[in-house]
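The listed protein sequences derive, respectively, from chains A and B.
Numbering-wise (this note's numbering), the first sequence opens with residue 533 and increments by one.
Numbering-wise (this note's numbering), the second sequence opens with residue 533 and increments by one.
Every residue gets a Cβ at the ideal spot worked out from N, C-alpha and C, and that includes glycine.
Protein chains: 2
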Amino acid sequence: MNIILLSGGSGKRLWPLSNDIRSKQFIKIFPTENDYESMIQRMYRQIKKVDKDAKIIIATAKTQVSAIHNQIGYDVEISVEPFRKDTFPAILLAASYMHEVQKISADEIVVVVPVDPYVEEDYFKALGKLSKQAEKGEANLTLMGIRPTYPSEKYGYIIPKSLTDISLVEAFKEKPEKTDACAFIQRGGLWNAGVFAFRIKYILDRAKVLLDYTDYDDLLQRYDSLENISFDYAIVEREPLIQVMRFAGKWKDLGTWNTLTDAMETHIIGDAITDRDCENLHIINELSIPILAMGLHDVIISASPNGILVSDKEQSSYIKPYVDEISQEIMIAEKSWGGYQVLNIEKESLTIRVDLKAGCRMSYHNHQNRDEVWIVIAGSGKTIVDGAEKPVKMGDVITMQAGCKHTVIADTGLKIIEVQIGKEIFVQDKMKFELGN
Amino acid sequence: MNIILLSGGSGKRLWPLSNDIRSKQFIKIFPTENDYESMIQRMYRQIKKVDKDAKIIIATAKTQVSAIHNQIGYDVEISVEPFRKDTFPAILLAASYMHEVQKISADEIVVVVPVDPYVEEDYFKALGKLSKQAEKGEANLTLMGIRPTYPSEKYGYIIPKSLTDISLVEAFKEKPEKTDACAFIQRGGLWNAGVFAFRIKYILDRAKVLLDYTDYDDLLQRYDSLENISFDYAIVEREPLIQVMRFAGKWKDLGTWNTLTDAMETHIIGDAITDRDCENLHIINELSIPILAMGLHDVIISASPNGILVSDKEQSSYIKPYVDEISQEIMIAEKSWGGYQVLNIEKESLTIRVDLKAGCRMSYHNHQNRDEVWIVIAGSGKTIVDGAEKPVKMGDVITMQAGCKHTVIADTGLKIIEVQIGKEIFVQDKMKFELGN
Numbered sequence: 533m534n535i536i537l538l539s540g541g542s543g544k545r546l547w548p549l550s551n552d553i554r555s556k557q558f559i560k561i562f563p564t565e566n567d568y569e570s571m572i573q574r575m576y577r578q579i580k581k582v583d584k585d586a587k588i589i590i591a592t593a594k595t596q597v598s599a600i601h602n603q604i605g606y607d608v609e610i611s612v613e614p615f616r617k618d619t620f621p622a623i624l625l626a627a628s629y630m631h632e633v634q635k636i637s638a639d640e641i642v643v644v645v646p647v648d649p650y651v652e653e654d655y656f657k658a659l660g661k662l663s664k665q666a667e668k669g670e671a672n673l674t675l676m677g678i679r680p681t682y683p684s685e686k687y688g689y690i691i692p693k694s695l696t697d698i699s700l701v702e703a704f705k706e707k708p709e710k711t712d713a714c715a716f717i718q719r720g721g722l723w724n725a726g727v728f729a730f731r732i733k734y735i736l737d738r739a740k741v742l743l744d745y746t747d748y749d750d751l752l753q754r755y756d757s758l759e760n761i762s763f764d765y766a767i768v769e770r771e772p773l774i775q776v777m778r779f780a781g782k783w784k785d786l787g788t789w790n791t792l793t794d795a796m797e798t799h800i801i802g803d804a805i806t807d808r809d810c811e812n813l814h815i816i817n818e819l820s821i822p823i824l825a826m827g828l829h830d831v832i833i834s835a836s837p838n839g840i841l842v843s844d845k846e847q848s849s850y851i852k853p854y855v856d857e858i859s860q861e862i863m864i865a866e867k868s869w870g871g872y873q874v875l876n877i878e879k880e881s882l883t884i885r886v887d888l889k890a891g892c893r894m895s896y897h898n899h900q901n902r903d904e905v906w907i908v909i910a911g912s913g914k915t916i917v918d919g920a921e922k923p924v925k926m927g928d929v930i931t932m933q934a935g936c937k938h939t940v941i942a943d944t945g946l947k948i949i950e951v952q953i954g955k956e957i958f959v960q961d962k963m964k965f966e967l968g969n
Numbered sequence: 533m534n535i536i537l538l539s540g541g542s543g544k545r546l547w548p549l550s551n552d553i554r555s556k557q558f559i560k561i562f563p564t565e566n567d568y569e570s571m572i573q574r575m576y577r578q579i580k581k582v583d584k585d586a587k588i589i590i591a592t593a594k595t596q597v598s599a600i601h602n603q604i605g606y607d608v609e610i611s612v613e614p615f616r617k618d619t620f621p622a623i624l625l626a627a628s629y630m631h632e633v634q635k636i637s638a639d640e641i642v643v644v645v646p647v648d649p650y651v652e653e654d655y656f657k658a659l660g661k662l663s664k665q666a667e668k669g670e671a672n673l674t675l676m677g678i679r680p681t682y683p684s685e686k687y688g689y690i691i692p693k694s695l696t697d698i699s700l701v702e703a704f705k706e707k708p709e710k711t712d713a714c715a716f717i718q719r720g721g722l723w724n725a726g727v728f729a730f731r732i733k734y735i736l737d738r739a740k741v742l743l744d745y746t747d748y749d750d751l752l753q754r755y756d757s758l759e760n761i762s763f764d765y766a767i768v769e770r771e772p773l774i775q776v777m778r779f780a781g782k783w784k785d786l787g788t789w790n791t792l793t794d795a796m797e798t799h800i801i802g803d804a805i806t807d808r809d810c811e812n813l814h815i816i817n818e819l820s821i822p823i824l825a826m827g828l829h830d831v832i833i834s835a836s837p838n839g840i841l842v843s844d845k846e847q848s849s850y851i852k853p854y855v856d857e858i859s860q861e862i863m864i865a866e867k868s869w870g871g872y873q874v875l876n877i878e879k880e881s882l883t884i885r886v887d888l889k890a891g892c893r894m895s896y897h898n899h900q901n902r903d904e905v906w907i908v909i910a911g912s913g914k915t916i917v918d919g920a921e922k923p924v925k926m927g928d929v930i931t932m933q934a935g936c937k938h939t940v941i942a943d944t945g946l947k948i949i950e951v952q953i954g955k956e957i958f959v960q961d962k963m964k965f966e967l968g969n
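Now the structure itself:
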């Protein structure tokens, strides 16, 4: 099975755990044997479990690449959008990559799967069936339709021509009023889960008609100028021959705190204590300080270095305009090599803790407008400062003037306190260099 | 007027803003023109406003001295208990200090006042009357009785012989059941506010009978071995000739989050946003990250570097056993010279931010088991390291091996990132030295 795993989205609705650089699929909330996994980790693992030979390509924007490497590792194919676009350009880019770079035949089927529903193994088995159904060539597009569990007003509906498991599609209906939703359900209407199976050739041919481009590299070059349009609008709505496959298993959209906590198996993640009078309370605490909750009902508490949310669960779905008011300074970030957390902010200084995974390194870079000091607080490795290599261990202090090129390479897991000093401290003040002379 | 201001107590009930080293009277929650003031600042200011010549001595334990200097300044008399004891030894020590060190005549009246009720100016005018009443010598002890506003089960009651404003005391009743409380109130019973006026001589004479000591210095020497007993038990309950003065003005005991927030004039202190559906919500946020609260009713949210409390207001009075479960690591401290905050904890390293007020210095000290690195992140001053003085400014790095003596003196307000490195890092690993050769 070939899968394009769509990993998009920004994260205002799950603030403070998601934000401009950490989308909701990277929040670790699902318990595993010793730890917690994120939506993307869970889905990647589930696909591989059901089909160990599945060829997965993650279609995403540049800003998520580090987090994906951090959570899934380096042994993963990623189709990186140079600019964030809607689903049509993103899917097309990934399909082109599959065909031209990965040399997958254009006659093969690919299944497009969003990264964020909460599902079980039966869902991935259904994806396999969907792929096989598409293989038959009875339609140009084969969609998965979720059997509705209530007349939701926030999903799109697929109206099938018949009530069979596989049916031609009669119509699509966008987010209906409740009465219409009830009527759709009575007619066998299904939720559109954003899962599409098609022959790679189909999308490449359609794109050649719609867009003026020659090949993958050309597409990448022109990406910025491509129309920002959804796959539904560009392809699905214009295609007369579509089949839908009914899926009646577990499928949950975890887009709000209310739905997300609904899918959580534990009530508390992180350091927290509750009294006996708490009911239907969920706490996710990513801070290193304890939370004590007393006498709360139907509440979500979510804390990270970016901020603290305390909300009635129902109310939490209206979070977006409030988060818009809050400064989205990035206080914590996962990188392919580890991550960092902001510890202190002053007018002309910033202090962060940098964590490198064993064997990893940050890029060789410099800054124009700030000096930096590193103090190694755990582990060992080596630094390269203006070309000079030096082993470092706990307690070592490295000072770097603005302009000086530097990197650090972790032998063991390595932790560093980095103090940045300068009148203008911006993340953007960073120039990367090739290592070696 | 001579006043012994009793500043005792630890702070579990107002966790996380109070803790083992910061009692509730140091939490800044009362708005002033530009800032917030604490209970102790408020009370000190109020006394001075009503009687600018009042001689105030603050009776407290060693652990609070730094915080008192930080909040009230250095121009304040403090009677420091070498060990924390109950009110009888603490009051006796302060009275001895007044008489022997401050040379206040033993014939003068002193009024003992707890630091933590929330009161207005009329309370301090009443203290003046109480002092004058005690001066008349009609009784050995003159107490203030608060007119009850409800049949509380958590206060002690004073039963007067008559219903006049000043009356002899018939009996004391400890924390009664509600029906008894109602009966006491019908008989004119008053809450015991812990305010006592007496001639200094009276307490010194009584103490000489009860304890074997010669003078103030001797008392200080023997302090550890003194019986740990309350003033009520040691003195009040054994004294037959007591008067009580009725006080009907505002008096609030701010011992729990519920009562404390009741006295707050603003609903939000610190960085926080609430939606329109929040009702009777109070937020005190001492963290540098924002809090967003949605759809909460009758809730207190209180956040500091020590932890985060989210509690139903009623429920918050049962906080103590839960706080007992929480590690009371000190994450933030106010010192006479400024303060510090813990930013990061590793197994063998601790990173803190040290803030010095302009003109202030920390003690000249060393550590046996840890190295330290200072990076100046704001301001300027000078360091003395093993006797060598050096000016420092933003960006300067100072490294200190274990054993090396050091201090820093702030010219302007000075901020330092201090990284401690060592296998065993304890606050106690600190030896102080005199400066100079």
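Proximity test, Cβ basis, 7 Å: residue i and chain A
i, result
"residue 841 of chain B", "yes"
"residue 885 of chain B", "yes"
"residue 847 of chain B", "yes"
"residue 683 of chain B", "no"
"residue 844 of chain B", "yes"
"residue 1029 of chain B", "An answer regarding residue 1029 of chain B cannot be provided, because it is not within the stretch 533 to 969 covered by chain B."
"residue 854 of chain B", "yes"
"residue 878 of chain B", "yes"
"residue 826 of chain B", "yes"
"residue 912 of chain B", "no"
"residue 648 of chain B", "no"
"residue 834 of chain B", "no"
Closest by C-alpha distance to residue i, when choosing among the options
i, options, result
"residue 775 of chain A", "A/903, A/673, A/616, A/559", "A/673"
"residue 826 of chain B", "A/818, A/817, A/842", "A/842"
"residue 882 of chain B", "B/712, B/635, B/623, B/906", "B/906"
"residue 755 of chain B", "B/658, B/643, B/622", "B/622"
"residue 608 of chain A", "A/868, A/918, A/782, A/848", "A/868"
"residue 650 of chain B", "B/534, B/893, B/878, B/579", "B/579"
"residue 572 of chain B", "B/694, B/585, B/596, B/659", "B/596"
"residue 813 of chain A", "A/805, A/803, A/799, A/821", "A/799"
"residue 853 of chain A", "A/533, A/547, A/540", "A/547"
"residue 759 of chain B", "B/647, B/745, B/937, B/954", "B/745"
"residue 955 of chain A", "A/948, A/942, A/899", "A/899"
"residue 691 of chain A", "A/878, A/964, A/777", "A/777"
Backbone secondary structure at residue i - three-state DSSP
i, result
"residue 700 of chain A", "strand"
"residue 473 of chain A", "Nothing about residue 473 of chain A can be read from this structure; chain A reaches only from 533 to 969."
"residue 860 of chain A", "coil"
"residue 648 of chain A", "coil"
"residue 601 of chain B", "helix"
"residue 764 of chain A", "helix"
Run of the beta strand (DSSP E) containing residue i, from where it starts to where it stops
i, result
"residue 854 of chain A", "That residue, residue 854 of chain A, is in no beta strand (DSSP E); its alpha helix (DSSP H) goes 852-857."
"residue 723 of chain A", "722-731"
"residue 536 of chain B", "534-539"
"residue 897 of chain A", "896-898"
"residue 844 of chain B", "839-844"
"residue 888 of chain B", "881-888"
Interface flag, residue i vs chain B, CB-CB below 7 Å
i, result
"residue 969 of chain A", "Because residue 969 of chain A carries a pLDDT of 44, less than 50, the predicted location of this residue cannot be relied on, and the following value inherits that uncertainty. It does not: the Cβ of residue 969 of chain A has no partner Cβ on chain B nearer than 7 Å."
"residue 931 of chain A", "yes"
"residue 642 of chain A", "no"
"residue 822 of chain A", "yes"
Where the alpha helix (DSSP H) containing residue i begins and where it ends
i, result
"residue 653 of chain B", "653-667"
"residue 717 of chain A", "710-718"
"residue 893 of chain B", "Element bounds for residue 893 of chain B: n/a, residue is neither H nor E."
Opposing strand residues paired with residue i [DSSP bridges]
i, result
"residue 608 of chain A", "Residue 608 of chain A is not bridged to any residue."
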